[in-house]
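Notes follow the structure.
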Amino acid sequence: MPDPRFYAVAGPFTLAEIAQVVEAELTAGADPERRVSDVAPLSHATPEHLSFLVNSKYIEAFAACSAGACIAPAKLADRAPAEVAVLTSENPYKSFALAAQLFYPVPVPEPGMHPAAVIHPTADLGPECRVEAGAVIDAGVRIGARCLIGANVTIGPAVEIGDDTRVGAGTSLSHCLIGARVSIFPGVRIGQEGFGFAIDRGGHVKIPQLGRVLIEDDVEIGANTTIDRGSGPDTVIAQGCRIDNLVQIAHNVRVGKGSVIAAQSAVAGSARVGEFVQIAGQVGVADHRTVGDGVRLAGQTGVTRDIEPGGTYGGTPAVPIRQWHRQSAQLARLARGKAAPE
Amino acid sequence: MPDPRFYAVAGPFTLAEIAQVVEAELTAGADPERRVSDVAPLSHATPEHLSFLVNSKYIEAFAACSAGACIAPAKLADRAPAEVAVLTSENPYKSFALAAQLFYPVPVPEPGMHPAAVIHPTADLGPECRVEAGAVIDAGVRIGARCLIGANVTIGPAVEIGDDTRVGAGTSLSHCLIGARVSIFPGVRIGQEGFGFAIDRGGHVKIPQLGRVLIEDDVEIGANTTIDRGSGPDTVIAQGCRIDNLVQIAHNVRVGKGSVIAAQSAVAGSARVGEFVQIAGQVGVADHRTVGDGVRLAGQTGVTRDIEPGGTYGGTPAVPIRQWHRQSAQLARLARGKAAPE
Amino acid sequence: MPDPRFYAVAGPFTLAEIAQVVEAELTAGADPERRVSDVAPLSHATPEHLSFLVNSKYIEAFAACSAGACIAPAKLADRAPAEVAVLTSENPYKSFALAAQLFYPVPVPEPGMHPAAVIHPTADLGPECRVEAGAVIDAGVRIGARCLIGANVTIGPAVEIGDDTRVGAGTSLSHCLIGARVSIFPGVRIGQEGFGFAIDRGGHVKIPQLGRVLIEDDVEIGANTTIDRGSGPDTVIAQGCRIDNLVQIAHNVRVGKGSVIAAQSAVAGSARVGEFVQIAGQVGVADHRTVGDGVRLAGQTGVTRDIEPGGTYGGTPAVPIRQWHRQSAQLARLARGKAAPE
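See the structure below:
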C-alpha cells in the first residue's frame, strides 16, 4: 500500500464507477455496486482491492488471487477465481493506469504565491497558480491557469506557459513557449543556447542562437534533461511526447507527436524524429539524421544514417534488429574460434 | 599542497598517531614520535610529509623519495631510502585514504538556519544542522542531527533524512527516505515520478508512481544524478553504495550493498544490481534484468540478459570480458582482410 | 526572423561596415553604402537581408536567392544573381557567425544586485556585475567586472571568477578558479568532490579530494554538465574549450586548449585530452588515457588505449575510423551469411 505520508487514496469506488472510468466491462454475475478501496498487485491484493492482469505470464497469480476485482483481457477472464469480479479490457495496461489515476489522482496544488518567490511585476499569471518559494519569474512571462511553479525554478523573460502545466523544482526555462498540461520534472534546462560555433584555431566563433524551444501540449520531460533552443529555426517537441531523465535534445531538433525517448538518449543538432517513435535508453541520433515514424530503437543504438518509417533497429551503426542479433551471434562464434558463417 | 583558500590542514601528527589511524605498522627503527605535517605524492614529498606507495609501478619513485614517512606494502618496505620511516599496510590505498582524512578532515558545518532559507513550521530538524540560504524545506520533513542542507536545495513534503547527511546545492528531494551519513552532491534529483505510462495512440496514459526512494546509510550520490521513485515497490539504494555523476536509476530498481556505479551509467526500470557490483562509466542495464553479486562491468557495456554472480563483462550485448576482447580482435582482423578465425 | 520577444536586432549596417567586421571583401561593383537590416537563410532572404553560402550543396539556392547581400567563398561568388552583393570570405561560416553577432549582439546585462540575492559581506564583486534573485555568493568569493550571476546560482567559499563571465541559472560552483569571458550554462556543477575511494568490503573509504577546478578564459560549458575537482592535482579545462550539455569531466582530467566535447561524453579520472581535439556525442575516454592533439572521435567511441595525435577514430574499443567502417561492413556481411572477408 502506498505510504500515506506521500500519497492520499481516493475512493472507495463501485465496480460500475470503475468500469466506466477505466474503459472496461464488468463480466456477467459481478455486482456493479460492490466497492473496492485501493489498487494492489495480484500477489498482495485482498477482497478490498482492485488488481490487474496485464501480462499472461502472471496467469497463475491471477488464477490464485484474492482480489475483490481484477482488470484482465477478455480471453483470460474465465481463469479468475469465482469470487473475483473481472473487468475485461481491450488494453488492460491502460485500464490499470486509469484505475490507478482514479484511486491516486494527482493532487491539485493549493493556489498561492509564496512570499519568498520573486515575480516580476510585468509577469502575468493565470488564476489558481501556485508559485513556490525561491521561484524567480522574470519580466513579461505569461503563465496560464492552475500551473504549479516549483521551488527554486527560474523562468526567463517573455517565456509563455499554458494551463495546467507543472514545472519541477530547480528547473530553468528561457526562450521557450510551453503548452498546456506539460509536466516538466526537476532540474530540466530548456532554452539555453545551442552548441554552435565556427571552428577556428584563433578561437572558435560563437554562432548566435536565435530560435526558441516549442513544447507542445501534454508533453512530459524528465529530470535533468536538457533541450537547447534553435539556432534560427525552433527546437520542437510535439504533442504528447514523453522524454525521460538526462536526455539531450540539441538545437533545431524536431521530435514528432507521441514519441517516447528513454533516459540518457541524445538527439543531435537538426535531426528529425518522427511520430510515435520509441527510443530506448542511451541511444544517439547523429546530427541532421531523420528517424521515420513508428521506428523503434534498442538501447545504446547509434543512428548514423536516415531510417525509414517503421521497423526496429539496434547497434552502432544502427541496423535492423534481426541483423544486429545475427551480428552479435556471429561475433560470439568468431570469438570461440569457429569458422565464421555457416 | 592543497590550496589553503579551499582546504585547511590538521596536524602535525606523530607517526604513532598516524599508524593507529591508518591501520598500519611502523617498521622497526622508525621513531614513533617523529611528526609530519601534511601528505604529498612521492614526487613532491619532503621530510615534512607523509607519502604513500600504492602501486608497485611507482617503486623507483619510492626508492628515491625524500618523504619523512611513507605508507607501503610490507614486501616493498625494504626498498625505501634509509631516512624514510615506513608504515606497512595490508591495504596501502585504504591507509592512504585514512591518512588523507586525518590531515584533511571534512569540515564540520557551522550550525544555523540562514534567514533566507524557507523552513515550513511543521518541519523537524535535529540539533546542529546547517541550512543554507535559499533552501526550501516543506511540511512534515524530518531531518536528523548535524545535517548540512546546501543553498537552493528543495526538500518536498514528508521527506526524512538521517543524521550527518549532506545535501549539495540545488538538489531536490521528494517522496524519499534518506539514511545517515549519506552524501548527496549538487543537482541530484531524487523521488520524482518514474517513467511509466501505457502507450496509446490517443495519448499515452500516465501510470501513477506510488512508491518511494529509499537511500540507506553511507551512500554517496554524484552530481546531477537522477533516482526516480518506485511505481508501487520502492527504488532502493542499499547501504554503502557509491554512485557517480549523471547516473540514471529508474523506478523500482534495487542496487545492493556496497555497489559502485560510475558516471553516466543507467539502470533501467525494475532491474536488480547485486551487492559489491562494480559498474564502469556509460554502462546500461536493461529493464527487469539482474546483475549478480560481485559482477564487474566494463565501460559502455550494455546488459541485455541476466548476469550470474561474479565475473567481468564487456560489450553490447554484454559478454564475458575475455570473449569481448577476442571479438574485438577478430573484428579488427576481419577488417584487415584476413581470413577470419585462426 | 527571430522572435522579437526574445531577440533584439541591431543595425541596419552598411555592407562596408559588415565586410570589415566579418573579415570579408565586398566584390567589385557592389555599393559599400548599401544597407541591410537583418540576417536570413538563403531560402528566406529578401533584399533587406544579408545571407550566406557556407556549403556548396546549397549552390542552387544561392544562385536563385533574393538576398540584398550574401557571404560566400570567392570561387563561388560569380554564381550569385546580379542584384546580390557578394562578400567573399576565406571562412564563410566564421564570417556568418561574426555577421550574426553583429546583428544580434549578446545583450549587456543591466548591472545590479537583486535584493533577493544573498551575497556574503566578504565577497568582492567587480563593477557592473549583475546578480539575479536567489543567487547565493559565499565568503571570500571574488568576481570580476561585468559578470552575470544568474538566478538561484550557488557560489561556494573562495571561488574566483574573471571579467565578463556568465553563470547560468541554478548552477553551483565550489573549489574552482574561473577565467574571463567564460560562459557557464544553467545547471552546471563545478568543483564537487571527485569519485575517489578505496574499495573495502567493510565500507569503501573516501579519499579526500584536495584539488581544484581551473577553467581558463573563453571556455563554454553546457547545461547540466559536471566537472569534478581534482584529488590533489587540479582538473583543468584550458583556454577556448567548448563543452556541450550533460558532459562528465572527472577529477584530475586536463582538456587542452580549443578542444570541443559534444553532449553526454565523459572523460574519466586523470585522462588527458590534447589541444583542438574534437569529441562527438556519447564518447567515453577511460581513466588515465591520453587523446593526442587534433584527434577526432566519432559519436559513441570508447577510448580504452592512448591515442596518438591526429587522426579520426570510432568504435569501442576505438580504432581508426576507416577500420571501424570496414569492421561494420564485415559484420553486416557475416550477418548476411556470406563468407567473411573478400
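Chains as they are written, first to last, in the working numbering: chain A, 25 to 366; chain B, 25 to 366; chain C, 25 to 366. Think of the CB as a built atom: it goes at the ideal place given N, C-alpha and C, for glycine as much as any other residue.
Among the options, the one whose alpha carbon lies nearest that of residue i
| i | options | result |
| --- | --- | --- |
| A292 of chain C | B:G282, B:V297 and B:A304 | B:A304 |
| I179 of chain A | A:A159, A:L39, A:R170 and A:V130 | A:A159 |
| D62 of chain B | B:A98, B:Q324 and B:P129 | B:P129 |
| D148 of chain C | C:P135, C:G136, C:E134 and C:A163 | C:A163 |
| S207 of chain B | B:G264, B:V279 and B:G226 | B:G264 |
| I347 of chain C | B:R58, B:G361 and B:D27 | Per the sequence shown, the amino acid found at residue 347 of chain C is Gln instead of Ile. The option with the nearest alpha carbon to Q347 of chain C is B:G361. |
| E299 of chain B | B:P135, B:R225 and B:R320 | B:R320 |
| A48 of chain C | C:A274, C:R170, C:C94 and C:A262 | C:C94 |
| T70 of chain A | A:E57, A:P105 and A:K81 | A:P105 |
| G174 of chain C | C:P116, C:V284, C:C89 and C:P135 | C:P135 |
| K81 of chain B | B:Y337, B:V60, B:F219 and B:L100 | B:L100 |
| N79 of chain A | A:L126, A:Y117 and A:A274 | A:Y117 |
| A157 of chain A | A:R166, A:V177 and A:G226 | A:V177 |
| Y337 of chain A | A:D311, A:Q302, A:H73 and A:A91 | A:Q302 |
| A262 of chain C | C:S255, C:V237 and C:D252 | C:V237 |
| K281 of chain B | B:P26, B:H312, B:D241 and B:R253 | B:D241 |
| D317 of chain A | A:V307, A:Q306, A:V284 and A:A310 | A:V284 |
| A54 of chain C | C:V60, C:A64, C:L39 and C:P65 | C:L39 |
| A193 of chain C | C:A123, C:G92, C:Q306 and C:A141 | C:A141 |
6 Å Cβ shell around residue i - same chain, five flanking residues per side excluded
| i | result |
| --- | --- |
| G186 of chain A | G168, G203 and A204 |
| I143 of chain A | I161 |
| V277 of chain B | T259, V291 and A295 |
| G339 of chain C | W348 |
| P181 of chain C | D162, A163 and G164 |
| R213 of chain A | S196 and T250 |
| L172 of chain C | P133, R154 and R190 |
| T314 of chain B | R296 and D330 |
| T146 of chain C | A163 and G164 |
| G254 of chain B | G235, H275 and N276 |
| Q98 of chain C | Correcting the residue type first, residue 98 of chain C is Ala in the shown sequence and not Gln. So the qualifying residues of the chain are T112. |
For residue i, the first and last residue of its enclosing alpha helix (DSSP H)
| i | result |
| --- | --- |
| I345 of chain B | I345 to A359 |
| A124 of chain B | P116 to F127 |
| I231 of chain A | Unbroken run through I231 of chain A: none, as it is neither H nor E. |
| I83 of chain B | I83 to A87 |
Endpoints, beta strand (DSSP E) assigned at residue i
| i | result |
| --- | --- |
| A34 of chain B | Run containing A34 of chain B: none; DSSP gives neither H nor E here. |
| I42 of chain C | Per DSSP, I42 of chain C belongs to no beta strand (DSSP E); it is in the alpha helix (DSSP H), L39 to V46. |
| F76 of chain B | H73 to F76 |
| I261 of chain B | T259 to I261 |
| A93 of chain C | A93 to A96 |
| A109 of chain C | A109 to T112 |
| I331 of chain A | Element bounds for I331 of chain A: n/a, residue is neither H nor E. |
| C200 of chain B | C200 to I202 |
| I239 of chain B | V237 to I239 |
Neighbourhood of residue i by C-beta distance below 7 Å, restricted to the same chain and skipping five residues each side
| i | result |
| --- | --- |
| R103 of chain B | I83, F86 and A87 |
| A222 of chain C | H228, V229 and I231 |
| G335 of chain B | V319 and P344 |
| S67 of chain C | A85 |
Contact set for residue i: own chain, Cβ-Cβ below 8 Å, skip 5 residues either direction
| i | result |
| --- | --- |
| A364 of chain B | With a pLDDT of 49 at A364 of chain B, under the threshold of 50, the modelled position of that residue is not reliable, and the figure given next carries that caveat. Q354, R357 and L358. |
| T51 of chain B | A101, A109, V110, L111 and T112 |
Proximal residues of chain D, C-beta to C-beta of residue i below 7 Å
| i | result |
| --- | --- |
| G158 of chain C | In summary, chain D is missing from the structure at hand, where the protein chains are A, B and C. |
When you compare the segment 268-285 of chain A with the segment 229-248 of chain A, are there three or more beta-carbon pairs, one atom per stretch, that lie closer than 8 Å?
yes
Count the C-beta pairs between the segment 148-157 of chain B and the segment 81-90 of chain B that are closer than 8 Å, then say yes if the count reaches three, no if not.
no
Can you check the segment 291-320 of chain C for any alpha helix (DSSP H) of at least 4 residues that lies completely inside it and give the ranges in chain order?
none
Are the segment 325-332 of chain C and the segment 315-325 of chain A touching by the rule of at least three beta carbon pairs closer than 8 Å?
no
Would you call the segment 282-290 of chain B and the segment 229-239 of chain B touching, i.e. three or more CB-CB distances under 8 Å?
no
Check whether the segment 104-119 of chain A touches the segment 32-47 of chain A, counting contact only when three or more Cβ pairs, one atom from each stretch, lie closer than 8 Å.
yes
Which ranges would you report for the beta strand (DSSP E) in the segment 126-173 of chain B if only whole runs of at least 3 residues count?
none
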